[in-house]
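In what follows, a structure is listed as structure tokens, so that the remarks can point back to it.
Protein chains: 2
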Amino acid sequence: MTPHGTLETPVFMNVATQAAIKGGLSASDLKAVGCQIALCNTYHLHLRPGEETVRKLGGLHGFMGWDKPMLTDSGGFQVFSLARLRKISEEGVSFASHLDGRRIFLSPESAAEIQLKLGADIFMALDECVENPAPYEYVKQSAERTARWLERTANFLDHQRATEDGRPYGESVGWGINQGGTYDDLRVDHMKRIAELDMPGYAVGGLAVGEETSVMYHILDVVGEHMPPDKPRYLMGVGTPENIIEAVARGIDFFDCVMPARNARHGRLYTWEGRMNLLNERYKEDDRPVDATCSCPLCKNHTRAYLRHLFKAGEILALRLAVLHNLTFYNTLMQKIRDNIENGTFAAFRKRYAGVLDGRAAP
Amino acid sequence: MTPHGTLETPVFMNVATQAAIKGGLSASDLKAVGCQIALCNTYHLHLRPGEETVRKLGGLHGFMGWDKPMLTDSGGFQVFSLARLRKISEEGVSFASHLDGRRIFLSPESAAEIQLKLGADIFMALDECVENPAPYEYVKQSAERTARWLERTANFLDHQRATEDGRPYGESVGWGINQGGTYDDLRVDHMKRIAELDMPGYAVGGLAVGEETSVMYHILDVVGEHMPPDKPRYLMGVGTPENIIEAVARGIDFFDCVMPARNARHGRLYTWEGRMNLLNERYKEDDRPVDATCSCPLCKNHTRAYLRHLFKAGEILALRLAVLHNLTFYNTLMQKIRDNIENGTFAAFRKRYAGVLDGRAAP
Chain W
1 MTPHGTLETP
11 VFMNVATQAA
21 IKGGLSASDL
31 KAVGCQIALC
41 NTYHLHLRPG
51 EETVRKLGGL
61 HGFMGWDKPM
71 LTDSGGFQVF
81 SLARLRKISE
91 EGVSFASHLD
101 GRRIFLSPES
111 AAEIQLKLGA
121 DIFMALDECV
131 ENPAPYEYVK
141 QSAERTARWL
151 ERTANFLDHQ
161 RATEDGRPYG
171 ESVGWGINQG
181 GTYDDLRVDH
191 MKRIAELDMP
201 GYAVGGLAVG
211 EETSVMYHIL
221 DVVGEHMPPD
231 KPRYLMGVGT
241 PENIIEAVAR
251 GIDFFDCVMP
261 ARNARHGRLY
271 TWEGRMNLLN
281 ERYKEDDRPV
291 DATCSCPLCK
301 NHTRAYLRHL
311 FKAGEILALR
321 LAVLHNLTFY
331 NTLMQKIRDN
341 IENGTFAAFR
351 KRYAGVLDGR
361 AAP
Chain R
1001 MTPHGTLETP
1011 VFMNVATQAA
1021 IKGGLSASDL
1031 KAVGCQIALC
1041 NTYHLHLRPG
1051 EETVRKLGGL
1061 HGFMGWDKPM
1071 LTDSGGFQVF
1081 SLARLRKISE
1091 EGVSFASHLD
1101 GRRIFLSPES
1111 AAEIQLKLGA
1121 DIFMALDECV
1131 ENPAPYEYVK
1141 QSAERTARWL
1151 ERTANFLDHQ
1161 RATEDGRPYG
1171 ESVGWGINQG
1181 GTYDDLRVDH
1191 MKRIAELDMP
1201 GYAVGGLAVG
1211 EETSVMYHIL
1221 DVVGEHMPPD
1231 KPRYLMGVGT
1241 PENIIEAVAR
1251 GIDFFDCVMP
1261 ARNARHGRLY
1271 TWEGRMNLLN
1281 ERYKEDDRPV
1291 DATCSCPLCK
1301 NHTRAYLRHL
1311 FKAGEILALR
1321 LAVLHNLTFY
1331 NTLMQKIRDN
1341 IENGTFAAFR
1351 KRYAGVLDGR
1361 AAP
């Protein structure tokens, strides 16, 4: 339940980094592909056009024309992956914009405030995302700092709500992020500590950043036991179709990933028989749809041969049609997961598609 | 009347160079912007994916999913503007592909055959498009050759229809193209000569290629008197909204131009008060639609500020929304022209918008 409606979980959040889906999709296209909740990036929008501009234009909902739920990330991940000349301290993180080198400082408080101004229904607390593997001592200190940052985030929000008239930022809620690298004890200690803050939702961050998939699943098993049982759980930045099914089996409710749109833009399309590379010569005169069972505009109206031609000819319609398809696939995947959970057939579903969805489709 | 339906003229043909509209528009988007007839490019499609592939996939209609009328150009214009190492002879034109340097030969017969295989409803005879200004003697010889090429095109088509079973290329018709540069006598002589061939339609080519607009209008006046009065007239590659209104006043029925889509991709949008440059800083927080009277997806759903943000952020959604708008504008312009002609108010309409549509909109 968010200010912009209710969500059916497990759910995949469709990533609109700069208040638009890469590949030329608008908010109305998002509805057409079955998206329930969009995710926008604080780092990018803070740099351009800036949260004050977005706020004047009706927040992200008004700005991009999206009237359903919206989550923003904290910007932390991008600060640690995109920005330059990064300097982290107890107070926050200072960095140079990757666009123009401008010096920017982000604290737990300012990260929260930016997201509130952007108008997120759900915002994420600032954390440090450490690449795996990293030294135990560094991860320990970083996770402790991330926990203190979450405390400050919670205090900031309480303070805002207590002091300002009429809750100027509406019903937005902030979620905390579990860190601790690949170390079971750090993960568990951190999770226990942030659970005490009684945030309305919790994410697991710092996964799918260098470690083996089996390690990611292990961490989910270990941390899952200590996550509040009645609150939504979000696995950040994950992942492949099979990653998602496996994480759902481990209790995860929310996902986001740039992979379906990025793969689409490179001609890699998901089907229920595995991934297809549409740039392949074999599709040159293939008059079948990419996936005969799919209801997206690409599969309804066009052939594999036409899509391949568009890629080869450098037409951006290729990107658009491919992204429409892959996002439809991901949102359909989530619908199937929900249906199978409801029907008590999730175990069979999981088994049916293991080793299939992340592999290559037969020609 | 074409094999794929009837057209209301005057009409603007929306340009789908490589069987797709630049800016990420599909055939279904073309319908949404009010397009009656699409135009594809023989030169580009011959190079990639090749007419045999297109033919196997149902011709251009099946290939791109477009079920309304379709015109293809002859490839001549691109041979003379894009290709390299061009060598023209009585037989035809030899050139190197701009993609891979492959040597290609195009004759009046092969240009027609390629277009028939592509499945055009209306195809254009091969001509030489000479840039203006050019020496009188060269233009004279070139125009005479273009006339002889049209004769060969007509003979080829007759031969095809007489010898092959069941008219394998359906009801496609070929139109002739008037040339003669900026020389009144050459234009008139050429027009008289090709009129004798009794083609079902005639185009005026070789305009808007370097000469002043007033010269173009003058040539239309001069040639118009000698065009068959009962056959459609097509002004190739023209033009601005005011060019189109002026050419309609001179009896032209068909237009095509890459300008609306190209301008859109550079942030220049047409409105009934003139052109706007959406990259301009002044639109940063402008919460109005580009044109409140427009029914395109951009104007219905988004603000000027959002479109500007998309351009600044490098999102291809910017290109798509802007192209959707400009093509809607052009197709609406043609609708208004038709309505005003029907209502007997075209003269007032022409006067009302003279000096407005091609100028800059007030801030």
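Residue numbers (the working numbering), protein chains in the order written: chain W, 1 to 363; chain R, 1001 to 1363.
The beta carbon of each residue, even a glycine, is placed where N, CA and C say it ideally should be.
Does any CB atom of chain W fall closer than 9 Å to the CB of residue i?
i: residue 1104(R); result: no
i: residue 1147(R); result: no
i: residue 1166(R); result: With a pLDDT of only 44 at residue 1166(R), under the threshold of 50, the placement of this residue in the model should not be trusted; the figure read from the coordinates follows. For residue 1166(R), the answer is no, since every Cβ of chain W falls outside 9 Å of its Cβ.
i: residue 1030(R); result: no
i: residue 1354(R); result: no
i: residue 1269(R); result: no
i: residue 1338(R); result: no
Looking only at DSSP bridge pairs, what is residue i linked to?
i: residue 1021(R); result: 1025(R)
i: residue 1106(R); result: 1093(R)
i: residue 87(W); result: 94(W)
i: residue 1177(R); result: 1203(R)
i: residue 1255(R); result: 1012(R) and 1235(R)
i: residue 1270(R); result: 1275(R)
i: residue 1038(R); result: 1014(R) and 1070(R)
i: residue 1153(R); result: DSSP output for residue 1153(R) lists no bridge partner at all.
i: residue 5(W); result: 2(W)
i: residue 123(W); result: 72(W) and 174(W)
i: residue 1145(R); result: DSSP, once it has assigned bridges, lists no residue as partnering residue 1145(R).
i: residue 360(W); result: 275(W)
What does residue i reach in chain R if we use C-beta pairs closer than 7 Å?
i: residue 64(W); result: 1306
i: residue 310(W); result: 1020
Hey, residue i and residue j are a contact pair by Cβ (cut 8 Å); roughly how many whole angstroms apart?
i: residue 1188(R); j: residue 1215(R); result: Wrong, their Cβ atoms sit about 15 Å apart, outside the cutoff.
i: residue 197(W); j: residue 143(W); result: Incorrect: roughly 14 Å between the Cβ atoms, too far for contact.
i: residue 1206(R); j: residue 1130(R); result: 6 Å
i: residue 1040(R); j: residue 1027(R); result: Residue 1040(R) to residue 1027(R), Cβ: 11 Å. No contact.
i: residue 1124(R); j: residue 1177(R); result: 6 Å
i: residue 1326(R); j: residue 1263(R); result: 6 Å
i: residue 1067(R); j: residue 1324(R); result: Contact doesn't hold; Cβ gap of about 20 Å is too wide.
Consider the Cβ of residue i: report whether some Cβ of chain R lies at a distance smaller than 9 Å.
i: residue 117(W); result: no
i: residue 326(W); result: no
i: residue 315(W); result: yes
i: residue 82(W); result: no
i: residue 4(W); result: no
i: residue 357(W); result: no
i: residue 207(W); result: no
Could you name the residues of chain R that residue i contacts, counting a contact when the two beta carbons are closer than 8 Å?
i: residue 262(W); result: Under the 8 Å cutoff, chain R gives no residues; its nearest Cβ is about 14 Å from residue 262(W).
i: residue 319(W); result: 1024 and 1316
Which chain W residues sit within Cβ distance under 7 Å of residue i?
i: residue 1303(R); result: 57
State yes or no: is the C-beta of residue i nearer than 8 Å to some heavy atom of the ligand GTP?
i: residue 1030(R); result: Ligands displayed in this structure: none; no statement on the ligand GTP is therefore possible.
- Query: When you check each C-beta in the stretch 1275-1299 of chain R against every C-beta of chain W, which residues fall closer than 8 Å?
  - Reply: Correct list: 1284, 1285, 1287 and 1297.
- Chain-ordered residues of the stretch 1011-1028 of chain R with a beta carbon less than 9 Å from chain W: Taking 9 Å as the cut-off between beta carbons, the residues of the stretch 1011-1028 of chain R near chain W are 1017, 1018, 1019, 1020, 1021, 1022, 1023, 1024, 1025, 1026, 1027 and 1028, in sequence order.
- Item | Against chain R: residues of the stretch 34-64 of chain W by CB proximity under 7 Å | If the cut-off is 7 Å between Cβ atoms, the stretch 34-64 of chain W has 48, 49, 53, 56, 57, 63 and 64 near chain R.
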